[in-house]
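Trainee: Once you've had a glance at the structure underneath, I'll fire off some questions.
Residue numbers (full-length UniProt numbering): 1 to 328.
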């Protein structure tokens with residue numbers, strides 16, 4: 001049985017709520033120095049970037065000391081450094097704390113804010129923001145919510161307990177309820193449970209339904225409808241039984257009622273400019289219910305947000321709604 005390699009604690013502090021990058025040198029390779037490997041591994045960073053980091057002493061070992069550029073290559077060695085943070089337009093909506101104790105933090109995330117650092121969204125993420133605002137550097141995400149979706153997200157305070165909460169989501173022991181605003185279809189029989197097979201290929205923007213055994217299950221219910229918008233709007237309650245990427249958006253589109261403001265379904269639209277926070281996707285993670293795996297407490301949380309198109313469709317369509325909460 002292979003023994004797991006012990007990962008040393010990061011010798012660098014967080015920067016703007018973002019962890020330093022950790023690199024472990026591969027067990028086999030033809031590199032003579034640490035520098036040679038990092039230049040090859042980080043080739044996308046641009047010419048001279050890695051050398052500049054070595055010159056500035058920004059690449060360190062487990063002892064926190066700068067690693068010289070000519071340091072011999074040692075298989076299995078760990079090094080750390082801080083990535084250069086991308087220029088990000090701040091998301092101008094509040095990240096509201098719904099609940100906090102010594103084990104978890106539950107927040108009501110606004111639209112447009114990514115849950116965790118990824119790609120071009122790093123410091124402007126819910127995780128990095130919370131670490132800065134609450135002063136909890138150990139905070140971690142128990143699950144993720146799409147950047148374009150608003151609503152409830154669970155974070156953990158203690159790294160040693162994170163796995164227990166993540167297991168809740170993996171084993172589907174968390175009841176999640178979403179709310180969406182979409183066109184009203186009088187001929188659509190609801191409630192119903194939608195089952196299909198959804199796949200999303202790496203590098204593709206959208207997921208799609210294919211033939212085969214279902215791996216995605218969603219309960220769709222009509223809450224209310226009214227004659228706003230083109231042909232009328234409806235508010236739907238969506239209860240996912242599985243967690244495939246874009247599952248609710250794909251299923252609503254398949255039913256002929258795509259969620260308002262969706263830039264991917266039923267058709268991919270042109271990207272909006274950075275900083276354009278108008279007409280957000282009208283999808284909200286409304287409720288989270290679970291038994292706390294550490295304390296045994298029965299938790300029931302609900303988002304207090306109001307979807308903008310339901311509060312004022314005309315103003316949402318014009319991109320001028322500035323109503324309750326963050327106007328989303």
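Glycine included, each C-beta is placed from N, C-alpha and C at the ideal position.
Quick check: what's the CA-CA separation for residue 270 versus residue 276?
Mentor: Their backbone Cα atoms lie some 13 Å apart in a straight line.
Trainee: Check this for me: beta carbons of residue 69 and residue 33, under 8 Å apart or not?
Mentor: Going by C-beta atoms, residue 69 is nearer than 8 Å to residue 33.
Trainee: Per DSSP, residue 291 is paired with what?
Mentor: Beta-bridge pairing links residue 291 to 298.
Trainee: Have a look at 318, 23, 17 and 294 and flag the residue whose alpha-carbon is nearest the alpha-carbon of residue 160.
Mentor: Nearest C-alpha to residue 160: 294.
Trainee: Just to confirm, is the Cβ distance from residue 85 to residue 14 under 8 Å?
Mentor: No, they are not a contact pair.
Trainee: Per DSSP, what are the beta-bridge partners of residue 109 in this structure?
Mentor: Note: residue 109 sits in a beta bridge opposite 151.
Trainee: Any idea if residue 149 is buried or exposed, counting beta-carbon neighbours within 10 angstroms, 16 or more meaning buried?
Mentor: So residue 149 counts as buried.
Trainee: Thinking just about the alpha-carbon of each residue, which of 12, 19 and 42 is nearest to the one in residue 25?
Mentor: Ranking the options by Cα distance to residue 25, first place goes to 42.
Trainee: For residue 190, which residues in the same chain have their Cβ closer than 7 Å to its Cβ, ignoring the five residues on either side in sequence?
Mentor: So the list reads 220, 221 and 222, once near-sequence residues are dropped.
Trainee: Cα separation between residue 18 and residue 186?
Mentor: Approximately 48 Å, taken between the alpha carbons.
Trainee: The alpha helix (DSSP H) with residue 134 in it runs from where to where?
Mentor: Element bounds for residue 134: 126-134.
Trainee: Do residue 153 and residue 125 come within 8 Å of each other at the CB atom, strictly closer than that value?
Mentor: Not a contact, by the Cβ cut-off of 8 Å.
Trainee: Who pairs with residue 103 in a beta bridge, going by DSSP?
Mentor: Residue 103 is not bridged to any residue.
Trainee: According to DSSP, what are the bridge partners of residue 140?
Mentor: Its beta-bridge partners are 156.
Trainee: Taking all protein chains shown into account, do 16 or more other C-beta atoms lie within 10 angstroms of the C-beta of residue 151, making it buried, or fewer, making it exposed?
Mentor: By the 10 Å Cβ count, residue 151 comes out buried.
Trainee: Using a threshold of 8 Å, state whether the C-beta atoms of residue 184 and residue 251 are closer than that.
Mentor: Result no, Cβ atoms of residue 184 and residue 251 do not sit closer than 8 Å.
Trainee: Across the region 300-307 and the region 138-148, are there enough close Cβ pairs to call them in contact, namely three or more that are closer than 8 Å?
Mentor: Too few Cβ pairs lie closer than 8 Å, so no.
Trainee: Is the beta carbon of residue 130 less than 8 Å from the beta carbon of residue 105?
Mentor: Yes, the Cβ-Cβ distance between residue 130 and residue 105 is below 8 Å.
Trainee: So for residue 179, helix, strand or coil by DSSP?
Mentor: Correct three-state label for residue 179: strand.
Trainee: Could I get the ranges of all uninterrupted beta strand (DSSP E) runs contained in the region 193-260, with 3 residues as the minimum, in chain order?
Mentor: Here the runs fully enclosed are 208-210, 216-226 and 233-240.
Trainee: Give the C-beta separation of residue 155 and residue 139 to the nearest angstrom, bearing in mind that I take them to be a contact with Cβ-Cβ under 8 Å.
Mentor: Between residue 139 and residue 155 the Cβ distance is about 5 Å, and since that is below 8 Å, they are a contact.
Trainee: Go to residue 21, then tell me how far its beta strand (DSSP E) extends in each direction, as first and last residue.
Mentor: 21-24 is the extent of the beta strand (DSSP E) around residue 21.
Trainee: Between which two residues does the beta strand (DSSP E) carrying residue 79 extend?
Mentor: Element bounds for residue 79: 78-81.
Trainee: Can you give me the C-alpha to C-alpha distance between residue 108 and residue 23, rounded to a whole angstrom?
Mentor: About 33 Å.
Trainee: Taking residue 122 as the reference, which of 112, 88 and 320 has the closest Cα?
Mentor: When only C-alpha atoms are compared, the closest one is 88.
Trainee: If you follow the alpha helix (DSSP H) that residue 52 is in, where does it begin and where does it stop?
Mentor: Residue 52 -> alpha helix (DSSP H) spans 49-55.
Trainee: Thinking just about the alpha-carbon of each residue, which of 162, 47 and 282 is nearest to the one in residue 316?
Mentor: Nearest C-alpha to residue 316: 282.
Trainee: In terms of residue numbering, what span does the alpha helix (DSSP H) encompassing residue 308 cover?
Mentor: First-last of the alpha helix (DSSP H) with residue 308: 308-311.
Trainee: In the DSSP assignment, what residue or residues form a beta bridge with residue 284?
Mentor: Note: residue 284 sits in a beta bridge opposite 150 and 179.
Trainee: How do the region 237-246 and the region 194-203 stand: do at least 3 beta-carbon pairs fall below 8 Å, yes or no?
Mentor: The answer is yes - the region 194-203 touches the region 237-246, with three or more Cβ pairs under 8 Å.
Trainee: Determine the direct distance from the alpha carbon of residue 59 to that of residue 40, and round the result to whole angstroms.
Mentor: Going by the C-alpha atoms only, they are around 15 Å apart.
Trainee: Let me confirm a value: residue 248 is counted as buried when at least 16 other C-beta atoms fall within 10 Å, else exposed. Which label applies?
Mentor: That one is buried.
Trainee: Quick one, are the C-beta atoms of residue 96 and residue 73 less than 8 Å apart?
Mentor: Not in contact: residue 96 and residue 73 (Cβ atoms no closer than 8 Å).
Trainee: Between which two residues does the alpha helix (DSSP H) carrying residue 95 extend?
Mentor: Neither: residue 95 is in no alpha helix (DSSP H) and is coded neither H nor E.
Trainee: Can you say whether residue 259 is buried or exposed, counting buried as having 16 or more other CB atoms within 10 angstroms of its CB?
Mentor: It counts as buried.
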